[in-house]
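Participant: Just dropping this structure here.
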Amino acid sequence: MKQQKIYMQAWLDAHGRAKVVNTDEWYLDFANQLLPLVAESYIYGGKEMEEDQKQVALTCALYLEDCVADGGNWRQFIHWHQENYGRYLPFYTLTDEYLPDEINREDVVFLLWAINSPVGDDFDGVENPMDADLLEFADVLYNRLDAAFELAPISDYLATDWLLETELMQKKRMPLPIALPGEKMPANVERFLEASKGEPLLYFDSYDALKFFFVQSLKWEDEEDSLLPDLKEFDNFVVFANPKGLLIGPDVAPYFADKRNPLYNAELAEEEAYELFCEEGLCPFDLLKYGMEHELLPEAQFPFENGKELLQENWDFVARWFLGEYYEGE
Numbered sequence: 258m259k260q261q262k263i264y265m266q267a268w269l270d271a272h273g274r275a276k277v278v279n280t281d282e283w284y285l286d287f288a289n290q291l292l293p294l295v296a297e298s299y300i301y302g303g304k305e306m307e308e309d310q311k312q313v314a315l316t317c318a319l320y321l322e323d324c325v326a327d328g329g330n331w332r333q334f335i336h337w338h339q340e341n342y343g344r345y346l347p348f349y350t351l352t353d354e355y356l357p358d359e360i361n362r363e364d365v366v367f368l369l370w371a372i373n374s375p376v377g378d379d380f381d382g383v384e385n386p387m388d389a390d391l392l393e394f395a396d397v398l399y400n401r402l403d404a405a406f407e408l409a410p411i412s413d414y415l416a417t418d419w420l421l422e423t424e425l426m427q428k429k430r431m432p433l434p435i436a437l438p439g440e441k442m443p444a445n446v447e448r449f450l451e452a453s454k455g456e457p458l459l460y461f462d463s464y465d466a467l468k469f470f471f472v473q474s475l476k477w478e479d480e481e482d483s484l485l486p487d488l489k490e491f492d493n494f495v496v497f498a499n500p501k502g503l504l505i506g507p508d509v510a511p512y513f514a515d516k517r518n519p520l521y522n523a524e525l526a527e528e529e530a531y532e533l534f535c536e537e538g539l540c541p542f543d544l545l546k547y548g549m550e551h552e553l554l555p556e557a558q559f560p561f562e563n564g565k566e567l568l569q570e571n572w573d574f575v576a577r578w579f580l581g582e583y584y585e586g587e
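Residue 414 in the numbering used here sits at position 157 of the sequence shown; the count goes up by one each step and never skips.
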């Protein structure tokens, strides 16, 4: 079988530049040395995995380049994560053996998790960051990276945003909007809170029930174009009233463990609620944030062992990683 190869253009594309610098050949050679190892692995073996194989090899080379230079997007990421979440990486319990200025096993496992957990339109599930095969292959790659650490040249031209975009790391998690005493709120919100007796969330099992509320309680015109007809295809709505306005989450009511929510379904929440954190546009972010901050999503969990603990303890990072521009989006 013909041995595949990563070409210089792919390396340059990862760096967002057209000009080759003196360290590029070394790191590209290193990536190509890793390719057969990746291709023969249990996780990435098979012709249909060729693009993933190249991505793993390139990612390892980018990681090594950043570690040797003690800079770049990798260093930016771990220090950002430490500052925001109190540890260098999500998911993993790090010991004193973890050295942020060197190569680490946990780093390599996380990079494989990131490759296996695509975001946006490519989302098709979340990799278990504790998967035994993932951990085992990360060890193999770690040994190669560790052996190369003292040999690799220092680059002054590191790739940017190859792991997580700087803009996304700079986004601050905002406090939920709260009504201040005497503050004038939109008419829709005032009418909502009057109908709900001050409760910020209401639940509706169908579009017809939601439409009835719009007309009877919010005093909207009873005309189809005025009643959000795009919501007809959905049911099980959560409506969240806050000083900024009303947010509507279709098909999410079964996940909210609110004593006032007759639509709550713990079994369904256990199976599906994690998708709110991973699929763009499924749930308005302020509603998701309200649910987590008020402990209304207690059954949200990844569909693998220790999935509840891993999601509940890392939910803000997970939402930021998977939701992208929808994280604290308008």
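Beta carbons: idealized from backbone N, C-alpha and C, even for Gly.
Does the separation of the CB atoms of N289 and P410 fall below 9 Å?
Facilitator: To locate residue 289, count along the sequence shown from 1; it is residue 32. To locate residue 410, count along the sequence shown from 1; it is residue 153. Cβ atoms of N289 and P410: not closer than 9 Å.
Participant: I believe L369 touches A395 by the beta-carbon criterion, under 8 Å. Please report the beta-carbon distance rounded to the nearest angstrom.
Facilitator: Reading the sequence shown from its first residue, position 112 is the one you call residue 369. Reading the sequence shown from its first residue, position 138 is the one you call residue 395. Indeed, because the Cβ distance is near 6 Å, the residues count as touching under 8 Å.
Participant: Does the separation of the CB atoms of L319 and W331 fall below 9 Å?
Facilitator: As a position in the sequence shown, residue 319 is number 62, starting the count at 1. As a position in the sequence shown, residue 331 is number 74, starting the count at 1. The answer is yes: Cβ separation under 9 Å.
Participant: In or out: K262 buried (at least 16 other Cβ within 10 Å) or exposed?
Facilitator: Mapped onto the sequence shown, residue 262 falls at position 5. Looking at its Cβ environment, which holds fewer than 16 other Cβ atoms inside 10 Å, K262 is exposed.
Participant: Going by alpha carbons, who is nearest to L503 out of R448, D323, T423?
Facilitator: Looking up residue 503 in the sequence shown gives position 246. Nearest option by C-alpha distance: R448.
Participant: Classify S412 as buried or exposed, calling it buried when 16 or more other Cβ atoms lie within 10 Å of its own Cβ.
Facilitator: The residue given as residue 412 occupies position 155 in the sequence shown. That one is buried.
Participant: With the cut-off set at 9 Å, would you say N522 and P511 are in Cβ contact?
Facilitator: Here residue 522 refers to the residue found at position 265 of the sequence shown. Here residue 511 refers to the residue found at position 254 of the sequence shown. Going by C-beta atoms, N522 is nearer than 9 Å to P511.
Participant: Are the beta-carbon atoms belonging to E556 and A514 less than 9 Å from one another?
Facilitator: In the sequence shown, residue 556 corresponds to position 299, counting from 1. In the sequence shown, residue 514 corresponds to position 257, counting from 1. Yes, they are a contact pair.
Participant: Of the residues D327, Q339, V575, which one's Cα is nearest the Cα of E537?
Facilitator: Counted from its first residue, the sequence shown places residue 537 at position 280. Of the listed residues, the one whose Cα sits closest to E537 is V575.
Participant: Pop quiz: V295 and V313 are said to be a contact at Cβ under 8 Å. What is the actual Cβ separation, rounded to whole angstroms?
Facilitator: Working through the sequence shown from its first residue, we reach residue 295 at position 38. Working through the sequence shown from its first residue, we reach residue 313 at position 56. That pair is a contact at about 5 Å.
Participant: Run through the region 495 to 572 for me and flag every whole alpha helix (DSSP H) of 4 or more residues, listed as ranges in chain order.
Facilitator: The region 495 to 572 contains these whole alpha helix (DSSP H) runs: 523 to 529, 542 to 550.
Participant: So L402 and V365 are supposed to be a Cβ contact under 8 Å. How far apart are they, rounded?
Facilitator: Reading the sequence shown from its first residue, position 145 is the one you call residue 402. Reading the sequence shown from its first residue, position 108 is the one you call residue 365. Going by Cβ atoms, the distance from L402 to V365 rounds to 7 Å, so yes, they are a contact pair.
Participant: Going straight from the alpha carbon of V383 to that of P375, what length do you get?
Facilitator: Within the sequence shown, residue 383 is the residue found at index 126, counting from 1. Within the sequence shown, residue 375 is the residue found at index 118, counting from 1. Answer to the nearest angstrom: the Cα atoms are 8 Å apart.
Participant: For a minimum of 3 consecutive residues, which ranges assigned as the beta strand (DSSP E) are wholly contained in the region 346 to 391?
Facilitator: List check, beta strand (DSSP E) in window: nothing returned.
Participant: Within 10 Å of its beta-carbon, does D479 have 16 or more other beta-carbons around it, so buried, or fewer, so exposed?
Facilitator: Translated into the one-based positions of the sequence shown, residue 479 becomes position 222. Answer is exposed; the Cβ neighbour count stays below 16.
Participant: Tell me the DSSP bridge mates of L458?
Facilitator: Taking the first residue of the sequence shown as position 1, residue 458 is located at position 201. Partner(s): F497.
Participant: CA-CA distance, I360 and Q333?
Facilitator: Looking up residue 360 in the sequence shown gives position 103. Looking up residue 333 in the sequence shown gives position 76. So the alpha carbons of these two residues sit roughly 15 Å apart.
Participant: Counting pairs of Cβ atoms below 8 Å between the region 493 to 502 and the region 447 to 463, do you hit three or more?
Facilitator: Verdict: yes, contact present.
Participant: Could you tell me if Y299 is buried or exposed, where buried requires 16 or more neighbouring beta carbons within 10 angstroms of its beta carbon?
Facilitator: To locate residue 299, count along the sequence shown from 1; it is residue 42. So Y299 ends up on the exposed side.
Participant: Just to confirm before moving on: does the CB-CB distance between W268 and L291 stay below 9 Å?
Facilitator: Against the sequence shown, residue 268 aligns to sequence position 11. Against the sequence shown, residue 291 aligns to sequence position 34. No. Outside cutoff.
Participant: Run the CB neighbour count on E354, radius 10 Å, all protein chains shown included, and call it buried at 16 or more, exposed below.
Facilitator: Taking the first residue of the sequence shown as position 1, residue 354 is located at position 97. Its Cβ having fewer than 16 others within 10 Å, E354 is exposed.
Participant: With respect to the alpha helix (DSSP H) encompassing K468, which residues constitute its N-terminal and C-terminal limits?
Facilitator: In the sequence shown, the residue the question calls residue 468 occupies position 211. Its alpha helix (DSSP H) spans residues 464 to 473.
Participant: Could you give the distance in angstroms between the alpha-carbon of D281 and the alpha-carbon of P541?
Facilitator: For the purposes of this step, residue 281 is identified with residue 24 of the sequence shown, where counting begins at 1. For the purposes of this step, residue 541 is identified with residue 284 of the sequence shown, where counting begins at 1. Cα to Cα, the separation comes out at about 43 Å.
Participant: As a quick exercise: from T350, E562, L539, W572, pick the residue whose alpha carbon is nearest that of E552.
Facilitator: Here residue 552 refers to the residue found at position 295 when the sequence shown is read from its first residue. For the residues T350, E562, L539, W572, the minimum Cα distance to E552 belongs to W572.
Participant: Do D543 and K501 have their C-beta atoms within less than 9 Å of each other?
Facilitator: Here residue 543 refers to the residue found at position 286 of the sequence shown. Here residue 501 refers to the residue found at position 244 of the sequence shown. Yes, Cβ-Cβ distance for D543 and K501 is below 9 Å.
Participant: Can you give me the Cβ contacts of A326 inside the same chain, cut-off strictly under 8 Å, excluding the 5 residues immediately before and after it?
Facilitator: Locating residue 326 in the sequence shown gives position 69, where the first residue counts as 1. Excluding residues within five positions, the ones whose Cβ falls inside 8 Å are I411, S412, D413, L415.
Participant: Below 8 Å on the Cβ atoms is my contact criterion, and I expect Q558 with Y531 to pass it. Report the Cβ-Cβ distance as a whole number of Å.
Facilitator: Position 301 of the sequence shown, counted from the first residue, corresponds to residue 558. Position 274 of the sequence shown, counted from the first residue, corresponds to residue 531. Right, the Cβ-Cβ distance comes to about 6 Å (below 8 Å), so this counts as a contact.
Participant: Rounded to whole angstroms, how far is the Cβ of P386 from the Cβ of L567, which I believe are closer than 8 Å?
Facilitator: Within the sequence shown, residue 386 is the residue found at index 129, counting from 1. Within the sequence shown, residue 567 is the residue found at index 310, counting from 1. With a Cβ gap of about 7 Å, P386 and L567 count as contacting.
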